[in-house]
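Asker:
Protein chains: 2
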Amino acid sequence: MAEKTGTKTPRERYRSQVRAEIKERAWEQIATAGASALSLNAIAKQMGMSGPALYRYFAGRDELITELIRDAYRSLADTFRAASASGADVAALAHALRGWALDDPQRYFLVYGTPVPGYHAPDDVTAIASEIMATLLDACAALPPGDFATPFATHLEGHRQWADGHPAPPAALHRALAFWTRLHGVLSLELAGHFTGMGFDPPLLFAAELEDLSAH
Amino acid sequence: MAEKTGTKTPRERYRSQVRAEIKERAWEQIATAGASALSLNAIAKQMGMSGPALYRYFAGRDELITELIRDAYRSLADTFRAASASGADVAALAHALRGWALDDPQRYFLVYGTPVPGYHAPDDVTAIASEIMATLLDACAALPPGDFATPFATHLEGHRQWADGHPAPPAALHRALAFWTRLHGVLSLELAGHFTGMGFDPPLLFAAELEDLSAH
DNA sequence: CTGATGAGTTACAACTTCTAACGAACGCAA
DNA sequence: TTGCGTTCGTTAGAAGTTGTAACTCATCAG
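Those protein sequence lines, which keep their order, are chains G and P. Sequential numbering of the first sequence, starting at 1, is according to the working numbering. Sequential numbering of the second sequence, starting at 1, is according to the working numbering.
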């Protein structure tokens, strides 16, 4: 969302402003109808200009969506970094994640949802993903090994490309992966509405999983 | 996939056959390009007939996709029931789930992936979902409470609409939910390619989560 | 054999993304 | 201030899409 509005020529300022407004409208559409329903034409009409004008700002629908994905990743990374900067432990990180997800479920799904078979994220996006994992690893490294000194942790000791320069011990790596996959499991099913009508309280399930992750 | 080809009039036989072929082509398209890229026109062309002909068989794109979702749910329910019938424990159920998911990742995402904001699954689909959970509950009820005799399990004791007539004790309910959410967490991230390039072996993470679910 | 039912057709409307060509506005520089 | 080039927005149009309407023709039942 943070379009660079730094010192620039008037034309570049205008350009950035229009790009930002396009993305904002796009987010609105995505939030209400999902990413697959995003229409460049509809955005243009909303902004009072004709369809092809948008192609001055984005090469096409795909580039716009990629840009939104990038922003979504950055938004989560920023949320994590902010939490971490104010001394967040894994529990606080979990609640930051949950808050971020509930804030805009479709944004969450843009990052962690159903992938388009052919699509490959650009390198800078995967770099942001690494930053997110690094923040998580920091928090996990602050805990004793506990129940995560597992055989799989031993496997991770020799297969830690994703934690390349990170000093976290194997158990922390396993805990971080469990944190990620378990909370994603609860969150994605909750946001997708798979718990509706089951009767229990989804936040309590989230809390129970978090408890299990933090305690042992 | 199992279109009823029972005793019918010739016209109904033909109709069922064509419907089945449409769905088959649809599955191919979905597997290679995702559900959002499904095109009725393309299917018609593949089958050697003109676009609007398909509307004799499906009211529209949405109805076709809903039908595919229904089939996907049924397929998973059948897989679970077959596994359960041959005396599967939770571990065997987990491997059945994993096999089913890897068999056609887009089919998995059709069931557990990103939802369309407005969409509400028809009642018979939620009924199949309940059947799946019931099979899972059976397997979980066969295990001692273990670590799943939790505060959240107590909450479930009073909020078990989803396990209405099922005799499973609270700890089994909690275990079933953990089974579902944790394995879905690992599977969905794996199928979406979020583990690629991280270095570790996704099946081992799945196994580790399963181990944690079965042991305690 | 006849007549209703249903399948497939073409034609069309209303969308979509996206390209091409044009005009007009804008900002910079002489 | 006077150009002049860059960039923006326009319209026109191609090639798709979903979906409706009307028509033809085969098929099946009585």
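Even glycine gets a Cβ: it sits at the ideal position worked out from N, Cα and C.
1. Can you list, in chain order, the residues of its chain whose CB lies under 7 Å from that of A83 (chain P), leaving out five sequence neighbours each side?
2. Using the Cβ count rule (16 or more neighbours within 10 Å means buried), how would you classify R175 (chain G)?
3. Where does V90 (chain P) fall in DSSP's three states?
4. Would you report the Cα separation of A77 (chain G) and D71 (chain G), rounded to the nearest angstrom?
5. Can you find at least 3 beta carbon pairs, one from the stretch 147-164 of chain G and one from the stretch 151-171 of chain P, that sit closer than 8 Å?
6. For V90 (chain P), return the contacting residues in chain G, with the cut-off set at a CB-CB distance below 7 Å.
7. Given a cut-off of 8 Å on the beta-carbon distance, is the pair N41 (chain G) and G34 (chain G) in contact?
8. I'd like to know if W162 (chain G) contacts chain P, where contact means its C-beta is closer than 8 Å to some C-beta of that chain.
9. Please confirm whether I69 (chain G) and L110 (chain G) have their CB atoms less than 8 Å apart.
10. Kindly list, in the order they appear in chain G, the residues whose Cβ is closer than 9 Å to that of Q106 (chain P).
11. Let's see if you can read the secondary structure: which residues bound the alpha helix (DSSP H) around V111 (chain G)?
12. As a quick exercise: from P:L102, P:D103, P:E67, P:T114, pick the residue whose alpha carbon is nearest that of D124 (chain P).
13. Could you give the C-beta distance for R98 (chain G) and L187 (chain G), rounded to a whole number, given that I count them as a contact under 8 Å?
14. Determine whether the Cβ of L177 (chain G) lies closer than 8 Å to any Cβ atom of chain P.
15. Determine whether the beta carbon atoms of L205 (chain G) and F200 (chain P) lie at a separation below 8 Å.
16. Is there a Cβ of chain G sitting closer than 8 Å to that of G199 (chain P), yes or no?
17. Kindly indicate which three-state DSSP category V116 (chain G) falls into: helix, strand or coil?
18. Output the boundary residues of the alpha helix (DSSP H) element that contains F152 (chain P).
19. Does P203 (chain G) pass the burial test, meaning 16 or more other C-beta atoms within 10 Å, or should it be called exposed?
20. Smallest Cα separation from F195 (chain G): which of P:T196, P:A121, P:D62?
21. Determine the DSSP secondary structure at Q201 (chain G), reduced to helix, strand or coil.
22. For R178 (chain P), I'd like the list of residues in its chain whose CB is within less than 8 Å of its CB, leaving aside the five on either flank, ordered along the chain.
23. Just to confirm my understanding: we take A141 (chain G), look at its own chain, exclude 5 residues before and 5 after, and list those with CB closer than 6 Å. What are they?
24. Is the shortest distance between the beta-carbon of L213 (chain P) and the beta-carbons of chain G less than 8 Å?
25. Who are the Cβ neighbours of L38 (chain G) in its own chain at under 8 Å, not counting the five residues just before and after it?
26. Along the alpha helix (DSSP H) that carries L38 (chain P), what are the first and last residues, could you check?
27. If I measure Cβ to Cβ from L156 (chain P) and keep anything under 7 Å in the same chain, skipping five residues before and after, which residues do I get?
28. Out of P:L191, P:R11, P:G197, P:L183, which has the shortest C-alpha to C-alpha gap to D104 (chain P)?
29. Just the chain G side, please: which residues come within less than 8 Å of M95 (chain P) by C-beta, in chain order?
30. Give me the chain P residues within the contact set of F152 (chain G), using Cβ-Cβ distance strictly less than 7 Å, ordered along the chain.
31. Could you check the C-alpha separation between A215 (chain G) and D89 (chain P) for me, to the nearest Å?
32. Any idea what DSSP makes of E148 (chain G), helix, strand or coil?
33. Output yes or no for whether 8 Å exceeds the beta carbon distance between I238 (chain P) and R74 (chain P).
34. Using a cut-off of 9 Å between C-beta atoms, extract the partners of F109 (chain P) located in chain G.
35. Just to check my reading of the structure: W100 (chain P) and L136 (chain P) have Cβ atoms closer than 8 Å, yes? What is that Cβ distance to the nearest angstrom?
36. In three-state DSSP terms, what is A57 (chain G)?
Answerer: In short:
1. A92, L93, A96
2. buried
3. helix
4. 10 Å
5. no
6. Simply none; closest approach about 16 Å.
7. no
8. yes
9. yes
10. T114, P117
11. 105-112
12. P:E67
13. 7 Å
14. yes
15. no
16. yes
17. coil
18. 151-158
19. exposed
20. P:A121
21. The amino acid occupying residue 201 (chain G) in the given sequence is Asp; Gln does not appear at that position. Coil.
22. Note on residue identity: the sequence assigns Ala, not Arg, to residue 178 (chain P). Closer than 8 Å at the Cβ level, and outside the excluded window around A178 (chain P), lie F148, L213.
23. A168, A172
24. no
25. A26, Q29, I30, R61, L64, I65
26. Premise fails: L38 (chain P) is in no alpha helix (DSSP H) and is neither H nor E.
27. P170, L173, H174
28. P:L191
29. Just to set this straight, residue 95 (chain P) is His in the shown sequence, not Met. Those within 8 Å of H95 (chain P) in chain G number zero; the least Cβ separation is about 17 Å.
30. L204, L205, A208
31. 28 Å
32. It should be pointed out that residue 148 (chain G) corresponds to Phe in this sequence rather than to Glu. Helix, per DSSP.
33. There is no way to answer for residue 238 (chain P), as the model of chain P reaches only from 1 to 216.
34. G113, T114, P115
35. About 13 Å; that fails the 8 Å criterion.
36. One detail in the question is off: residue 57 (chain G) reads as Tyr in this sequence, not Ala. Note: Y57 (chain G) maps to coil in three-state DSSP.
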